[in-house]
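Numbering (full-length UniProt numbering), first residue to last: 1 to 385.
Written below as structure tokens is the structure these notes are about.
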């Protein structure tokens with residue numbers, strides 16, 4: 001437990017202990033600090049004549065985290081009836097006393113340093129432990145104490161929040177303390193505030209006094225798109241070429257996901273627009289059209305010459321727009337021509353190119369017009385044609 005050299009001591013893991021009772025020993029302090037973490041060394045400076053310590057000492061821990069933890073749980077712990085002060089070693093402390101010192105008056109006799117520290121540390125970081133003036137002989141509180149903040153903003157907040165508030169059934173007074181050599185002048189003057197601002201600008205004060213940078217705004221979710229099969233498509237980049245104005249993107253329309261197959265039925269055509277050309281028929285499948293009827297006077301087409309089931313009739317060329325003079329027919333979407341009229345009963349239609357001439361009509365159907373030579377004569381009084 002001998003005093004190590006200053007170069008050998010880990011200043012980052014060393015704490016300062018003050019206000020130690022004269023009955024404290026190295027072994028007792030070692031056992032006390034061992035509750036906070038592994039202890040490397042304990043040193044209590046002693047008088048060379050009386051061999052008694054001078055009321056303070058140093059404790060070196062294994063890691064810096066252990067030292068920080070000891071400062072939090074061991075500070076203001078009473079040892080032999082006296083609250084000890086535990087903080088980082090003075091050579092390692094980076095706090096600067098800027099003058100944000102407060103005087104707390106009208107304290108109850110039951111308020112100790114620990115309660116005063118816990119009460120005022122909520123408004124900011126204290127550069128020193130809370131102090132309460134006590135009677136040297138009895139150790140009883142004199143009814144007032146002091147706290148020191150690292151910034152004037154925290155001190156102003158503490159005055160605004162705690163002045164006149166009750167602490168242990170007594171209304172306390174919180175104000176800036178008098179300067180030691182200020183001839184009745186209190187701390188918190190504009191000159192002190194200006195010096196503190198300049199020290200903060202020159203990085204003379206700890207960087208923890210600055211505010212944290214705001215978090216970036218959340219990014220918007222990608223524009224989810226779906227194809228006609230209901231599968232999700234990757235989002236399109238804004239750097240790509242512009243889309244064609246005739247596409248669905250010009251109307252900000254996106255296909256919703258389908259729970260089943262594609263919707264049935266042909267899409268509704270907008271009023272005032274002709275049907276789509278045959279080359280751009282919609283992909284939606286509607287109900288099957290009724291079977292075609294054979295005009296009277298025609299024979300049914302032989303089975304070996306009938307078109308296949310999935311036969312698609314000739315369609316309009318892509319470069320010739322459909323005529324707008326005829327309304328859409330009812331035969332199905334994509335046909336804009338009027339239906340071909342069927343011949344009247346008893347008359348045969350024009351033979352189709354490449355087809356054999358029609359045979360005799362079935363029984364019960366009228367045949368071709370009779371031969372003029374077999375026409376009976378007109379009745380009396382009517383001249384023949």
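Even glycine gets a Cβ: it sits at the ideal position worked out from N, Cα and C.
Just so you know, these numbers come straight off a predicted model, no measurement behind them.
If you check the CB distance, residue 16 and residue 76 do not come in under 9 angstroms. Secondary-structure assignment with DSSP links residue 14 through a beta bridge to 60. Secondary structure of residue 198 (DSSP, three-state): helix. Listed in chain order, the beta strand (DSSP E) runs fully inside the UniProt domain "RRM" (100–179) are 101–105, 131–134, 141–148, 173–176, counting runs of at least 3 residues. Distance from the Cα of residue 124 is smallest, within the candidate group 145, 154, 132, for 154.
For residue 49, there is no enclosing beta strand (DSSP E), as DSSP gives it neither H nor E. In this structure, residue 69 sits away from residue 27, with a CB-CB distance that is not shorter than 9 angstroms. DSSP, read as helix, strand or coil, puts residue 83 in strand. Bounds of the beta strand (DSSP E) holding residue 41 are 39–43. Within its own chain, the residues whose Cβ lies closer than 6 angstroms to the Cβ of residue 82, once the five positions on either side in sequence are excluded, are 19, 21, listed in chain order. Annotated three-state conformation of residue 186 is strand, per DSSP. For residue 27, the enclosing alpha helix (DSSP H) has its first and last residue at 26–33. When the Cα atoms are used, residue 23 and residue 137 turn out to be separated by approximately 16 angstroms. Scanning its chain for C-beta atoms nearer than 8 angstroms, with the 5 sequence neighbours on each side dropped, one finds around residue 80 the residues 21, 23, 24, in chain order. Taking a contact to require three or more Cβ pairs closer than 8 angstroms, the segment 184–195 and the segment 160–168 do not qualify as touching. Using a Cβ distance threshold of 9 angstroms, residue 60 and residue 40 count as a contacting pair. Closest in alpha carbon position to residue 189, among 199, 176, 201, is 176. Residue 201 and residue 101 have their C-alpha atoms some 21 angstroms from each other. Only buried fits residue 141, as 16 or more other CB atoms lie within 10 angstroms of its CB.
Distance from the CA of residue 131 to the CA of residue 139, rounded to the nearest whole angstrom, comes to 13 angstroms. Just so you know, the alpha carbons of residue 135 and residue 143 end up roughly 10 angstroms apart. Within the model, the alpha-carbon separation for residue 33 versus residue 183 is close to 42 angstroms.
A Cβ-Cβ contact shorter than 9 angstroms links residue 173 with residue 104. A straight line joining the alpha-carbon of residue 57 with that of residue 63 spans about 18 angstroms. Residue environment analysis places residue 382 among the exposed positions, since fewer than 16 neighbouring C-beta atoms fall within 10 angstroms of its C-beta. In its own chain, leaving out the 5 sequence neighbours on each side, no residue places its CB closer than 6 angstroms to the CB of residue 49. A Cβ-Cβ separation of about 22 angstroms leaves residue 127 out of contact with residue 167 under the 8 angstroms criterion. Separation of residue 169 and residue 120 (C-alpha to C-alpha, rounded to the nearest whole angstrom) is 17 angstroms. With a 10 Å radius around the Cβ and a threshold of 16 neighbouring Cβ atoms, residue 52 comes out exposed. Apart from the 5 residues on each side of it in sequence, residue 66 sits with its Cβ closer than 7 angstroms to the Cβ of 13, 36, 37, 38 in its chain, given in chain order.
With a cutoff of 9 angstroms on beta-carbon distance, residue 71 and residue 88 are scored as near each other.
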